[in-house]
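Down below is the structure, laid out as structure tokens.
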Amino acid sequence: MKTLSIIGARPQFIKEAVVGSAIRDAGIEEILVNTGQHYDANMSDVFIEGLSIKEPDYNLGVGSGTHALQTATTMIRLEEIIMKEAPEIVLVYGDTNATVAGALVAAKLKIPVAHVEAGLRQHPKDMPEEINRVVTDHVSTLLFCPTQKAVDNLKKEGITEGVHFVGDVMYDLFLKMKPQLDVFGTLARFGLQDKGYILATLHRDFNTDNSERLRSILSALKDISKEMPVVLPLHPRTRKAIEMNGFEKLTSHIHLVEPLPYHDMMSLLIGSRMAITDSGGLQKEAYFAGVPALVMMPDTGWIELVEAGWNVLVDADKEKIVNMALNHEPSFTKKPEGLYGDGKAGEKIAGILKNFRL
Ligand code: UD1
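Residues 32 to 389 (this note's numbering) are what the sequence shown spells out, left to right.
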């Protein structure tokens, strides 16, 4: 069996760390293509090196641009490689422009697509990641779902064949990496007290590219940081949006840092009192780390954590963010267990791929 896997953005490096090593352990040949959507060292290289991902066989050097430019450039460069390598299956991860580009190219070359993290759905329906998910799922042959809810979502759209609930590969990685984390050393490095600060992230286009929402969120973080330190690793998109809007003053109390490598981020998450985020990955990793999260989205693909009372949807509502940050305690009676599988999602995916015949 020969697979070709496509990565390009930060969350995909994390997923490849699990699936890539599992499929190679299963004796499956893997060609790895990095589209180059994320190119800053702290958005890409630190993950490839820090998580021992194999050196990509190809780097497409796509970089930033409009959605059409990024997706189309990826498709044109990828088509040539897929035709040359002739894999039996193409593996795509998550919901980025690299995902949808890879899925479309492979499907049109009549090569089966396997989608890791299939079946997630959320509002707003026009967010780029949601468009990418829907399109990718509808051209995929194998759909690896992280939750039972994702399986149900696909069923509602008439997709039942090739669907497997395998669990969440990010949960696999968290369990594997946790023993290696130096939580107290990391807190000391950042001058933070255990459970004495909040970890925030902010990068969704509907938050960064809308100045009212951006102002509201930054004002909330500023108010909170008067009571308790707020650490905000700053995505380059957000840094640019702050500069463009002249919102630097709103960030003056916030502890701004550069985007962080996986080990630092997970250590800071474990040590935090709470996460405030619009990242799909971090709201779930917070739960793995035993920390509640406020989710700055109108809706989430990981709604089971909201339904369980662990996370809260706060959208961009300043008052709600501040109140919840200072007062929220998860309201469940029993910590929800088993939502994301058993930590063996990578192995399950590898097993299914190995036995796959068209
Ligand atoms: C992408 C994914 C999103 C994922 C996120 C993780 C899509 C549609 N979205 O969003 O699902 O959660 O990655 O970060 O694919 N930039 C740099 N250096 C970099 C990368 C980006 O400066 O290495 C800046 C550029 O100004 C760029 C902007 O950030 O235009 C946005 O980057 P882009 O890759 O388009 O999307 P993300 O917001 O990162």
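From the three backbone atoms N, C-alpha and C, an ideal C-beta is built for every residue, glycine too.
- Item | Cα-Cα separation, Asp393 to Pro42 | Absent from the structure is residue 393, since the part of the chain shown begins at 32 and ends at 389.
- Task: Decide if Lys115 is buried, meaning its Cβ has at least 16 other Cβ atoms within 10 Å, or exposed.
- Result: Taking the sequence shown and counting its residues from 1, one reaches residue 115 at position 84. Burial state of Lys115 is exposed, judged by a 10 Å Cβ sphere holding fewer than 16 other Cβ atoms.
- Task: Please state whether DSSP places Ala231 in a helix, a strand or coil.
- Result: Position 200 of the sequence shown, counted from the first residue, corresponds to residue 231. Correct three-state label for Ala231: strand.
- Can you give the beta carbon distance from Thr217 to Ser298, rounded, assuming they're within the 8 Å contact cut? Taking the first residue of the sequence shown as position 1, residue 217 is located at position 186. Taking the first residue of the sequence shown as position 1, residue 298 is located at position 267. At roughly 4 Å, the Cβ-Cβ gap stays under 8 Å, so Thr217 and Ser298 are in contact.
- Leu151 to Lys253, Cα distance in whole Å? Locating residue 151 in the sequence shown gives position 120, where the first residue counts as 1. Locating residue 253 in the sequence shown gives position 222, where the first residue counts as 1. Looking at the two C-alpha atoms, the distance is approximately 32 Å.
- Task: Collect the residues with a C-beta less than 5 Å away from any heavy atom of the ligand UD1 and give them in sequence order along the chain.
- Result: Ala40, Arg41, Gln68, His69, Tyr70, Asp71, Met74, Ser95, Thr127, Asn128, Pro159, Glu160, Pro267 and Arg268
- Message: Whole angstroms are fine: how far does the CA of Gln224 sit from the CA of Phe215?
- Response: As a position in the sequence shown, residue 215 is number 184, starting the count at 1. As a position in the sequence shown, residue 224 is number 193, starting the count at 1. Approximately 9 Å between the Cα atoms of the pair.
- For Asn73, name the three-state secondary structure that DSSP assigns. Mapped onto the sequence shown, residue 73 falls at position 42. Helix at Asn73.
- Arg388 versus Ala324 - alpha carbon distance: Here residue 388 is taken as the residue at index 357 of the sequence shown, counted from 1. Here residue 324 is taken as the residue at index 293 of the sequence shown, counted from 1. If I take the Cα positions, the gap works out to 41 Å.
- Message: Between the alpha carbons of Lys186 and Phe319, how many angstroms are there, rounded?
- Response: The count along the sequence shown starts at 1 and reaches residue 186 at position 155. The count along the sequence shown starts at 1 and reaches residue 319 at position 288. Distance between the alpha carbons of Lys186 and Phe319 is about 27 Å.
- With 16 other CB atoms within 10 Å as the buried threshold, where does Leu370 fall? Reading the sequence shown from its first residue, position 339 is the one you call residue 370. Around the CB of Leu370, 16 or more other CB atoms lie within 10 Å, so the residue is classed as buried.
- Query: Is the Cβ-Cβ distance between Lys315 and Trp341 less than 7 Å?
  - Reply: Here residue 315 is taken as the residue at index 284 of the sequence shown, counted from 1. Here residue 341 is taken as the residue at index 310 of the sequence shown, counted from 1. Against a cut-off of 7 Å, the Cβ pair of Trp341 and Lys315 comes out as no contact.
- Query: Alpha carbon to alpha carbon, what distance is there between Ala138 and Ile112?
  - Reply: Looking up residue 112 in the sequence shown gives position 81. Looking up residue 138 in the sequence shown gives position 107. Looking at the two C-alpha atoms, the distance is approximately 14 Å.
- Item | Minimum C-alpha distance to Leu287 - residue among Val262, Met275, Ala99 and Thr269 | Locating residue 287 in the sequence shown gives position 256, where the first residue counts as 1. Checking every option, the nearest Cα to that of Leu287 belongs to Val262.
- Task: Measure the alpha-carbon distance for Val77 versus His69 and round it to whole angstroms.
- Result: If you number the sequence shown from 1, residue 77 lands on position 46. If you number the sequence shown from 1, residue 69 lands on position 38. Looking at the two C-alpha atoms, the distance is approximately 11 Å.
- Query: Is the region 116 to 124 touching the region 289 to 308, taking contact as three or more C-beta pairs under 8 Å?
  - Reply: Segments in contact, no.
- Message: Here's a check: name, in chain order, each residue in its chain whose Cβ is nearer than 7 Å to the Cβ of Lys85, leaving out the five neighbours to either side.
- Response: What you label residue 85 is simply residue 54 of the sequence shown in a count that begins at 1. Only Gly51 and Leu63 meet the Cβ criterion.
- Can you tell me where the beta strand (DSSP E) with Tyr124 in it begins and where it stops? As a position in the sequence shown, residue 124 is number 93, starting the count at 1. From DSSP, the beta strand (DSSP E) with Tyr124 extends over Ile120 to Tyr124.
- Message: Here's a check: name, in chain order, each residue in its chain whose Cβ is nearer than 7 Å to the Cβ of Thr269, leaving out the five neighbours to either side.
- Response: Looking up residue 269 in the sequence shown gives position 238. Once the five neighbours on either side are set aside, the close Cβ partners of Thr269 are Leu233, His234 and Thr239.
- Near Gly81, which residues of its chain fall below 8 Å by C-beta distance, leaving aside the five closest residues on each side in sequence? Here the question's residue 81 lines up with position 50 in the sequence shown. The residues are Pro292, Tyr293 and His294.
- Task: Determine the burial state of Gly277: buried for a count of at least 16 other Cβ atoms within 10 Å of its Cβ, exposed for fewer.
- Result: Here the question's residue 277 lines up with position 246 in the sequence shown. With fewer than 16 other Cβ atoms within 10 Å, it is exposed.
- Message: Quick check on DSSP: helix, strand or coil for Thr308?
- Response: Within the sequence shown, the letter at position 277 stands for residue 308. DSSP places Thr308 in strand when its eight states are reduced to three.
- Message: Within a Cβ cutoff of 7 Å, which residues of the same chain sit near Ala272, ignoring the five residues on either side of it in sequence?
- Response: Your numbering for residue 272 matches position 241 in the sequence shown. Result list for Ala272: Thr239, Asp240 and Leu245, in chain order.
- Message: In whole angstroms, give me the CA-to-CA distance for Ser36 and Val123.
- Response: Mapped onto the sequence shown, residue 36 falls at position 5. Mapped onto the sequence shown, residue 123 falls at position 92. Rounded to whole angstroms, Ser36 to Val123 spans 6 Å at the Cα level.
- Should Asn358 go down as buried or exposed, given a rule of 16 or more other Cβ atoms within 10 Å for buried? Translated into positions along the sequence shown, residue 358 becomes position 327. Under this definition Asn358 is an exposed residue.
- At least three beta-carbon pairs within less than 8 Å, the region 142 to 156 to the region 176 to 186: yes
- For Phe205, which option in Ala103, Ile285 and Gly321 has the closest C-alpha, if you only look at C-alpha atoms? Walking along the sequence shown from the start, residue 205 turns up at place 174. For Phe205, the nearest C-alpha among the options comes from Gly321.
- Item | Per-residue burial, Lys46 [other beta carbons within 10 Å of its own, 16 or more giving buried] | As a working note, residue 46 is residue 15 in the sequence shown. It counts as buried.
- Message: Going by DSSP in three states, Phe278 sits in which element: helix, strand or coil?
- Response: One-based indexing of the sequence shown puts residue 278 at position 247. DSSP places Phe278 in coil when its eight states are reduced to three.
- Put Tyr318 into one of helix, strand or coil per three-state DSSP. Start at 1 with the first residue of the sequence shown, and residue 318 comes out as number 287. If DSSP states are grouped into helix, strand and coil, Tyr318 belongs with the helices.
- Considering only the beta carbon of each residue, do Ala231 and Ile307 sit closer than 7 Å? Taking the sequence shown and counting its residues from 1, the one referred to as residue 231 is at position 200. Taking the sequence shown and counting its residues from 1, the one referred to as residue 307 is at position 276. Cβ distance < 7 Å, so Ala231 and Ile307 count as in contact.
- Task: Give me the Cα-Cα distance between Ala40 and Lys141, rounded to the nearest whole angstrom.
- Result: By 1-based counting over the sequence shown, the position of residue 40 is 9. By 1-based counting over the sequence shown, the position of residue 141 is 110. Using only the alpha carbons, I get a separation of about 25 Å.
- Please confirm whether Thr34 and Glu61 have their CB atoms less than 7 Å apart. For the purposes of this step, residue 34 is taken as residue 3 along the sequence shown, with counting starting at 1. For the purposes of this step, residue 61 is taken as residue 30 along the sequence shown, with counting starting at 1. Their beta carbons are under 7 Å apart, which means Thr34 touches Glu61 by this criterion.
- Message: Measuring alpha carbon to alpha carbon, tell me which residue in His169, Glu289, Val165 and Ser95 is nearest Val266.
- Response: Residue mapping note: residue 266 aligns to position 235 of the sequence shown, counting from 1. For the record, residue 266 in the displayed sequence is His; it is not Val. With distances taken between Cα atoms, His266 lies closest to Glu289.
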